[in-house]
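Trainee: Numbers given in the working numbering equal positions in the sequence shown, counted from 1, plus 4.
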Amino acid sequence: MNDLNCFTLRKILDNCHDEIFVVDNKGNSVYANKAAEKNYGVKVSDLIGKASWQLAEEGICSPPITPIALSEKKKVTIEQTTRIGRKLVVTASPILDQKGEIDLIVENSRDITELKNIKQDLEVTRELLEKYKREVEVLRKEDLNVKNDIIANSKQMCDLLDIVHGVATTDSTILILGKSGTGKSILAKHIHKISKRKDGPFITINCAAIPEQLLESELFGYTPGAFSGASKNGKVGLLALANNGTLFFDEIAEIPIRLQAKLLEVIQGHRFTPVGSVKEKLIDVRIIAATNQKLKEMVNNNSFREDLFYRLNVIELEMPPLKERLEDIIPLIYFFLERYDKKYERNHDFTEETLDLLTQHDWPGNIRELEHTIERLVVTVKDTVIKPKNLPKIFHDNSKSQFHVSFPSFVPLDKSVEEFQKQLINKAYKQFKNTYKVAEVLQISQSKAYRLIKKYTD
Ligand SMILES: Nc1ncnc2c1ncn2[C@@H]1O[C@H](COP(=O)(O)OP(=O)(O)O)[C@@H](O)[C@H]1O
Ligand SMILES: [Mg+2]
């Protein structure tokens, strides 16, 4: 130490990362190293020689530490904020003379601004995480409980639900086929809800809604910096999110052929590799897929992998179109009427004729179309009774409900009789739903009723 001259000592102190600030026994500053300049944004020369109250008055930093150290005569540590917004942890260490009086006070300040910012970010992130957790809980409850009642009154739907209840508790992969709006998605959720995975997540991947370039990273996730434009923190994929739950691939026919191979690996091996990673991850998920496409035909023309098709198609469920399950129409109408009357605080009912017209509609958009129709009626009909005139025009155009037949003049007799017969059979069959009853009301034999129903109903 003897070899260190004043110049070297200053050099050492000016290269200290921490600020060293020294005051005398009156609280006047006698020394500050270079680090002080970046903490307060002033020159060292503007600090030296000033009393601590003066520096406090200039707002250099607060709260001041010197008065505390002077009165307590022992080491103190506090946090300070400087005039340029830096956050410091300052320790003031008094040096006492032989009489125990203060000779000098050495104050050491460490800049903890970044640390503070990180801490604050962490707190905000924690709060957000809690908030999202709660939101997910609420959403999951709403999604899986409130909206998940499945109306099934027709034989087709009851049979289908019987099969579903048999297979829901197993982990077998299920493929749900059916036209758009027939209830494929709601059935997938229902299967999850009654399966042993019901407390785990239910994650839907709509293969048609996610652009092809994004699908892979959405599905498998990626490691930090896996590709340009990727988030620097990486991303957890939907596969990983679905762990211990059910993964529902909606519109599976839309999945690009390249990803079909990767998906096959996931189903076969219960493992996947995030984009940019070399480490495989194990997952435990049940897979349900749905499509409104003819997947088998796609296999035949090579746009869907055959091996993947058979992996998905372990159990195949086909949702019949609504017009093939007439007995579900009225229960569904009342189910949605109740839902939307409640939502819009209304109280409606239908006349018999309105129900007739609704039952006889073809419902090309299936249950989704029916739901929208009922919601629209609830919102638009001011009266409490919904009458035929309230129905959109299309319900009147397609109406097959009138028994009186009107034909343009000079229609061949045979044709007119045939048309009349067709309408009569249709009406009777829609109302009674069995050949025995139709035969009875039309006073024909049951075999004739059967033959005519087969001929005329679609
Ligand atoms: N059996 C049913 N009971 C009650 N609501 C249903 C039923 N089937 C479908 N829905 C409702 O009809 C709408 C369309 O069904 P969705 O499952 O989305 O059809 P898809 O997936 O086949 O296009 C949804 O709002 C759904 O909740
Ligand atoms: Mg769907």
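The beta carbon of each residue, even a glycine, is placed where N, CA and C say it ideally should be.
(1) In this structure, does DSSP put residue 1 in helix, strand or coil?
(2) Could you check what DSSP says for residue 331 in three-state terms: helix, strand or coil?
(3) Compute the distance between the beta-carbons of residue 227 and residue 280, then report whether it is under 7 Å.
(4) Check whether the region 100 to 108 and the region 119 to 132 touch, using three or more Cβ-Cβ pairs below 8 Å as the test.
(5) For residue 238, which of helix, strand or coil comes out of DSSP?
(6) Please tell me whether residue 337 and residue 178 are closer than 7 Å, where the distance is taken between their beta carbons.
(7) Tell me whether the beta-carbon of residue 25 lies closer than 7 Å to the beta-carbon of residue 111.
(8) Using a threshold of 6 Å, is the CB atom of residue 188 nearer than that to any non-hydrogen atom of ligand 2?
(9) Any heavy atom of ligand 2 inside 6 Å of the beta-carbon of residue 254?
(10) Is residue 98 helix, strand or coil by DSSP?
(11) Beta-carbon within less than 6 Å of residue 150's beta-carbon, same chain only, minus the 5 sequence neighbours each way: which residues are those?
(12) For residue 343, is the beta carbon positioned less than 6 Å from some heavy atom of ligand 1?
(13) Going by CA-CA distance only, name the one from 385, 345 and 430 that's closest to residue 365.
(14) Just to confirm my understanding: we take residue 405, look at its own chain, exclude 5 residues before and 5 after, and list those with CB closer than 8 Å. What are they?
(15) Have a look at residue 446 and residue 459 and give me their C-alpha separation to the nearest angstrom.
(16) Counting pairs of beta carbons, one from the region 292 to 302 and one from the region 338 to 355, are three or more of them closer than 8 Å?
(17) In the DSSP output, what is residue 389 paired with across the bridge?
(18) Who are the Cβ neighbours of residue 408 in its own chain at under 6 Å, not counting the five residues just before and after it?
(19) If we count Cβ pairs, one from each stretch, closer than 8 Å, do we get three or more for the region 249 to 261 versus the region 198 to 217?
(20) Kindly identify the DSSP beta-bridge partner or partners of residue 19.
(21) Rounded to the nearest angstrom, what separates residue 332 and residue 375 at their Cα positions?
(22) Are the CB atoms of residue 425 and residue 439 nearer to each other than 7 Å?
(23) So, helix, strand or coil for residue 394, using DSSP?
(24) Any heavy atom of ligand 1 closer than 6 Å to the CB of residue 158?
(25) Any chance the region 157 to 175 sits against the region 302 to 311, with 3 or more Cβ pairs inside 8 Å?
(26) Can you look up residue 40 in the DSSP assignment and give me helix, strand or coil?
Mentor: Working from what's here:
(1) Past the edges of the chain, shown from 5 to 462, lies residue 1, and the structure says nothing about it.
(2) helix
(3) yes
(4) no
(5) coil
(6) no
(7) yes
(8) yes
(9) yes
(10) strand
(11) Here residue 150 scores only 47 on pLDDT, less than 50, and its place in the model should not be relied on; the value that follows carries that caveat. Counting only Cβ-Cβ distances below 6 Å, and skipping sequence neighbours, we find nothing.
(12) no
(13) 430
(14) The predicted position of residue 405 is uncertain, since its pLDDT is 45 and thus under 50; no value can be drawn from it.
(15) 16 Å
(16) no
(17) 353
(18) Any reading at residue 408 must be qualified, since the residue scores a pLDDT of 48, below 50, and its modelled position is unreliable; no value is offered.
(19) yes
(20) Its beta-bridge partners do not exist; DSSP assigns none.
(21) 13 Å
(22) no
(23) helix
(24) no
(25) no
(26) helix
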